[in-house]
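Just below is one structure, and these are the notes that go with it.
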Amino acid sequence: MAGHSKWANIQHRKGRQDEKRGKAWTRVIREIMVAARLGGGDASANPRLRLAIEKAKAVNLPVDTVKRNIDKATGNLEGVSYEEIRYEGYGIGGAAVIVDCMTDNRVRTVAEVRHAFSKYGGNLGTEGSVAFQFKHCGQFVFAPGASEDRVMEVALDAGAEDVVTGEDGSIEVLSAPGDFETVKNALEAAGLKPEIAEVTMRAENPIEVSGEDAVRMQKLLDVLEDLDDVQDVFHNALISE
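Put into structure tokens, the structure is as follows:
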């Protein structure tokens, strides 16, 4: 698969996420609450909560807001209880789509997700229908120009599973989800700063979507991402501009 297409899509996705910062606080708060409820309010003993707090810092969520929502989740304050739900489906041209949600109303959420798929040319699938096409992993992406040898040396020494270089010179480091923090800390300590660092669902077999199909696919993704209960949308479409 053409490296430039993949890099362009990664940058495109990041740009669109940045445009939607207004929704970022809501998403981060929900992630903090679920992480604290499942793993406890002590960030030092809860890797998922540590990652959520890092996301909160990245979007400038106030510290007292973080603490208040941890307290809500752990029962120290009254608050809403969110549950995690994953939906799987197909976009334009058979592209695989995963939609991760956090909701306090499962009936509302599934209705909104199903409506988005059906209205904009996709189909909501059953559990497991597309998840096998993705790998749950830590992902670090370096822009073209980074030192491949240095990134590879530091990443593999820290326990990364693979280092992939694109045709355009971009570098992708992959790790097991549980090793994400270790690899991230090692890269930072070596002065290597990735453009993207996240635990994600990485598409194993990307497919090209171009022309009118690309426009329709992007519209479907935008509508899904704008739903209030949606946390993340993952897909395997390489969308041509």
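Every position in the sequence shown, counted from 1, becomes a number in our numbering once 222 is added.
Here a beta-carbon is modelled for each residue, glycine too, at the ideal position from N, C-alpha and C.
{"Asked": "Cβ-Cβ distance between Val431 and Met423 below 7 Å", "Found": "no"}
{"Asked": "Contacts around Val250, its chain only, beta-carbon distance under 8 Å, and the 5 residues preceding and following it disregarded", "Found": "Ala274, Lys277, Ala278, Val281 and Leu283"}
{"Asked": "From Val421, Gly261 and Arg290, residue whose alpha carbon lies closest to that of Glu300", "Found": "Arg290"}
{"Asked": "C-alpha gap between Ala265 and Gln361, whole angstroms", "Found": "22 Å"}
{"Asked": "Bounding residues of the beta strand (DSSP E) (the contiguous stretch that carries Ile418)", "Found": "Ile418 to Ala425"}
{"Asked": "Burial state of Met223, where buried means 16 or more other Cβ atoms lie within 10 Å", "Found": "Caution is warranted here: a pLDDT of 34 is assigned to Met223, below 50, making its placement in the model unreliable, and no coordinate value can be reported."}
{"Asked": "Ser392, DSSP secondary structure in three states", "Found": "coil"}
{"Asked": "Whole-angstrom distance between Ala258 and Ala295, CA atom to CA atom", "Found": "6 Å"}
{"Asked": "Continuous alpha helix (DSSP H) stretch holding Thr187: start and end", "Found": "The chain is shown only over 223 to 463; residue 187 falls outside these bounds and no answer can be derived."}
{"Asked": "Cβ shell of Lys341 (< 8 Å), same chain only, five flanking positions each side left out", "Found": "Val445"}
{"Asked": "Span of the alpha helix (DSSP H), counted from its first residue to its last, around Ala436", "Found": "Gly433 to Asp448"}
{"Asked": "Inter-residue spacing [alpha-carbon to alpha-carbon] between Pro399 and Pro269", "Found": "10 Å"}
{"Asked": "Residue from Lys406, Pro428, Tyr309 and Leu449 whose Cα sits closest to the Cα of Asn458", "Found": "Pro428"}
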